[in-house]
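Have a look at the structure below, then the notes.
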Amino acid sequence: MDELIPTRKLDEIYSASALNRIKKRYENVISSFKRQFGHEPDVVLRSPGRVNLIGDHIDYMDYSVFPMAIEPDIIMAYRTTDTDTIELFNTDPEFDAINIDLSAETLQIGPPHWSNYFIAGHIVAHQYMTSKNALKLTGLQVCVDGEVPARSGLSSSAAFVCCACLIVLTAGNVSVTKRQLTELSIQCEKHVGVNSGGMDQAASVNGLKDHALLVDFHPINVTPVKLPDCAVVIAHSLVVADKLESAPRNYNLRVAEDSIAAAALAHHLNVDVPYDNIIGCPSLRAVELAHFKTPAKSTEEQIQRLTSMEEICAKLFPQDGCTDEQAANLCGISVDQLRATFMRSKLEYTTLSLYKRSVHVYAEAKRVLQFFQELSTTARLEVLGQLMDESQESSRTMVCNSCPEVDQLCAIAKEAGSLGSRVTGAGFGGCTVHLLPNDDSLVEKLIKAFKDKYYSVYYPNIDKKTLSESIIESRPSSGTAFVAL
Ligand code: NG1
């Protein structure tokens, strides 16, 4: 992670079979840039989306996750100008062009608009440059071209903020390592309003061809692990999960519930934990570390510890949820303190699901370890698939971030021979991920089953383009890079 963001040629980034199409895509980005701004861009760069193989809704509790970068990515081409404006343009007409005024002292996130993700990258890069006394902000002309489906759980937003942050830094003559860009881009989405963990940005920046990535947090670290001979197929449920709009009842609520569960556990176990997670509260991992005092000596011991944390949660928390009064009581604080500490962003709920969420976190953290252990030893696809299926069951029943359409896609996939099928990323709709042996006929059978039993049944009027973009077979791709054309 300590090398500078690389410059790569197209054939180092994309698979051979995609190259012809990709070359046309880049030609289109350059000609769109010329049409819009009257000249060529100075620099072209890209950052990929990601699919998470296993380990969801645990990164913000500091537990390791297992994503891989995918080929669909966001490309940005830019040129610096001596104006006080960022001129943002998107090749997709659904996203209207916009000029952002740079003359104000600091940029502010505005009402919901795609450009907010650029502004978030700009704010974070600007703060970093100020801290390094490297302040040289310029005007920018930027053309964006995205192939990561938005609001689908494949991290289009992370790919976007990684590109935006890198543009502002590079235009200001600041070079960054992969580690620095990972750490900076993790801060971006908080500005837009989602208290996100760091999985997506870590995967986007550090992606490596043919490798999945074990991402650890606190401190952040990425260990590439070669995937065995297998196929990974992604299918979009086409249920659009608007993470920002639904954050108070979905994503941000999960972060708050886990944080409250951590504080309650710390109180119960009589341990001190730092209040330093993404919302300034304790993490469930910090409680585990404080409870066991010394690091586990082996994966087996770590797995046992996680099992015993699960058992403690199951005894401590009521299974049908807690009122604010019960939660405050469990944490040993008043209801006012509970709200002031854990509910600084707006939340919508009837009861707090401390039991379900905390048991999921410890169980899913365990599955990630088992997945990693299996991959690093015998790499049996059936075992990996089984862990993915168990993860899906936990999403469905404990995190409650699956939905009937996602369940349906997983059931169709299992019937068609998938070894493991689950919702990926934040969920609440979005994409599913499926593991198969590397066998073209099996992959074709699966894709046909999705088309016949899902898309043509639930979306009979689906157009060809949407259908082809909804099913992605992707090898692990490389991460953020400047592109040598
Ligand atoms: P996606 O699927 O990109 O919305 C979100 C978070 C991750 C992680 C997953 C759930 C952001 C940018 N990303 O991913 O950090 O928490 O949900 O595992 O919010």
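Residues in the sequence shown are numbered from 1 upward in steps of one, following the UniProt record's numbering. Backbone N, C-alpha and C define an ideal beta-carbon position, used for all residues, glycine too.
Discussion item. Quick check on residue 342: does DSSP put it in helix, strand or coil?
Written reply: The answer is helix: DSSP assigns residue 342 an H, G or I state.
Item to complete: Tell me where the alpha helix (DSSP H) around residue 272 begins and ends.
Response: Per DSSP, residue 272 belongs to no alpha helix (DSSP H) and is neither H nor E.
Discussion item. Given 7 Å as the limit, tell me if residue 196 has its C-beta closer than that to any heavy atom belonging to ligand 1.
Written reply: Because some heavy atom of ligand 1 lies under 7 Å away, the Cβ of residue 196 counts as near it: yes.
Worksheet item: Under 8 Å between the Cβ atoms of residue 481 and residue 45?
Response: For the pair residue 481 and residue 45, the CB atoms are nearer than the 8 Å cut-off.
Worksheet item: So what's residue 147 in DSSP terms, helix, strand or just coil?
Response: If DSSP states are grouped into helix, strand and coil, residue 147 belongs with coil.
Practice prompt. Can you give me the start and stop residues for the beta strand (DSSP E) that residue 490 sits inside?
Written response: Past the edges of the chain, shown from 1 to 485, lies residue 490, and the structure says nothing about it.
Worksheet item: Is there contact between the segment 344-358 and the segment 254-261, where contact requires at least three CB pairs shorter than 8 Å?
Response: Contact holds: three or more Cβ-Cβ distances are below 8 Å.
Fill in: Contact the segment 123-133 vs the segment 404-424: 3+ CB pairs below 8 Å
Contact between the segment 123-133 and the segment 404-424 is not established, with fewer than three Cβ pairs separated by less than 8 Å.
Worksheet item: With respect to 7 Å, is the separation between the Cβ of residue 300 and the closest non-hydrogen atom of ligand 1 below this value?
Response: Remark: the C-beta of residue 300 is outside contact range of ligand 1, defined as less than 7 Å to any heavy atom.
Practice prompt. Could you check what DSSP says for residue 141 in three-state terms: helix, strand or coil?
Written response: It is a strand residue.
Worksheet item: Could you check where the alpha helix (DSSP H) with residue 422 kicks off and where it finishes?
Response: Residue 422: not part of any alpha helix (DSSP H); member of the beta strand (DSSP E) spanning 420-423, first to last residue.
Worksheet item: Nearest CA to the CA of residue 117: which residue from 187, 395 and 225?
Response: Comparing Cα-Cα distances from residue 117 to each of 187, 395 and 225, the minimum goes to 187.
Item to complete: Kindly indicate which residue of 162, 234, 37 and 348 has the alpha-carbon position closest to the one of residue 472.
Response: Checked all of 162, 234, 37 and 348; the closest Cα to residue 472 is 234.
Worksheet item: Can you tell me whether DSSP reads residue 216 as helix, strand or coil?
Response: Note: residue 216 maps to strand in three-state DSSP.
Worksheet item: Just to confirm, does residue 388 get its C-beta within under 7 Å of one of the non-hydrogen atoms of ligand 1?
Response: Not so, every heavy atom of ligand 1 lies at least 7 Å from the Cβ.
Worksheet item: Between residue 232 and residue 442, which are expected to be in contact by the criterion C-beta below 8 Å, what is the C-beta distance as a whole number of angstroms?
Response: Separation of the CB atoms of residue 232 and residue 442 is rounded to 12 Å, and the pair is thereby denied contact status at 8 Å.
Discussion item. For the pair the segment 239-251 and the segment 194-204, tell me if three or more CB-CB distances fall below 8 Å.
Written reply: Yes, the segment 239-251 touches the segment 194-204.
Item to complete: In the DSSP assignment, find the unbroken beta strand (DSSP E) run with residue 90 in it and report its ends.
Response: Where residue 90 is concerned, the enclosing beta strand (DSSP E) stretches over 85-90.
Practice prompt. Please work out which residues of its chain come closer than 8 Å, Cβ to Cβ, to residue 380, disregarding the five sequence neighbours upstream and downstream, and give them in chain order.
Written response: The residues are 374.
Worksheet item: If you draw a straight line from the alpha carbon of residue 212 to that of residue 479, how long is it in whole angstroms?
Response: Each residue's Cα considered, the two are about 12 Å apart.
Worksheet entry | Among 162, 158 and 178, nearest to residue 2 - alpha-carbon criterion | Here the closest residue by C-alpha is 178.
Discussion item. As an exercise, report each continuous alpha helix (DSSP H) stretch of at least 4 residues that is fully enclosed by the segment 239-289, in chain order.
Written reply: The segment 239-289 contains, as complete alpha helix (DSSP H) runs of 4+ residues, the segments 243-246 and 251-269 (chain order).
Item to complete: Give the DSSP bridge partners of residue 113, in chain order.
Response: Its beta-bridge partners do not exist; DSSP assigns none.
Discussion item. Can you tell me whether residue 60 sits near ligand 1, meaning its C-beta is under 7 Å from at least one heavy atom of the ligand?
Written reply: In this structure, residue 60 has its beta carbon less than 7 Å from a heavy atom of ligand 1.
Worksheet item: According to DSSP, which residues form a beta bridge with residue 73?
Response: Partner(s): 48.
Worksheet item: Counting along the chain, where does the beta strand (DSSP E) carrying residue 482 start and finish?
Response: Run containing residue 482: 481-484, per the beta strand (DSSP E) assignment.
Fill in: Any non-hydrogen atom of ligand 1 within 7 Å of residue 68 CB
False, no ligand heavy atom lies under 7 Å from that Cβ.
Worksheet item: Which first and last residues belong to the beta strand (DSSP E) in which residue 435 is found?
Response: Taken as a continuous stretch (DSSP letters only), the beta strand (DSSP E) holding residue 435 covers 431-437.
Fill in: Inter-residue Cα distance where the pair is residue 56 and residue 65
In a straight line, the C-alpha of residue 56 is about 7 Å away from that of residue 65.
Worksheet item: Does ligand 1 have a heavy atom nearer than 7 Å to the CB of residue 199?
Response: True, at least one ligand heavy atom lies under 7 Å from that Cβ.
Practice prompt. Can you tell me which of the three DSSP states residue 223 falls into?
Written response: In the structure shown, residue 223 sits in a strand (DSSP, three-state: E or B).
Discussion item. My assumption, with CB atoms under 8 Å, is that residue 262 sits in contact with residue 287. Please give the rounded CB distance.
Written reply: Approximately 5 Å separates the beta-carbon atoms of residue 262 and residue 287; this is inside 8 Å, confirming the contact.
Discussion item. Less than 7 Å separating the Cβ of residue 491 from some heavy atom of ligand 1?
Written reply: Nothing can be reported for residue 491: it is not among the residues displayed for the chain, which extend from 1 to 485.
Worksheet item: Closest to residue 143 by CA distance: which of 91, 108, 113 and 276 is it?
Response: Closest by alpha carbon: 91.
Discussion item. Under DSSP, the beta strand (DSSP E) around residue 473 begins and ends at which residues?
Written reply: Counting along the chain, the beta strand (DSSP E) containing residue 473 begins and ends at 471-473.
Fill in: Proximity of residue 11 and residue 48 at Cβ, strictly below 8 Å
Against a cut-off of 8 Å, the Cβ pair of residue 48 and residue 11 comes out as no contact.
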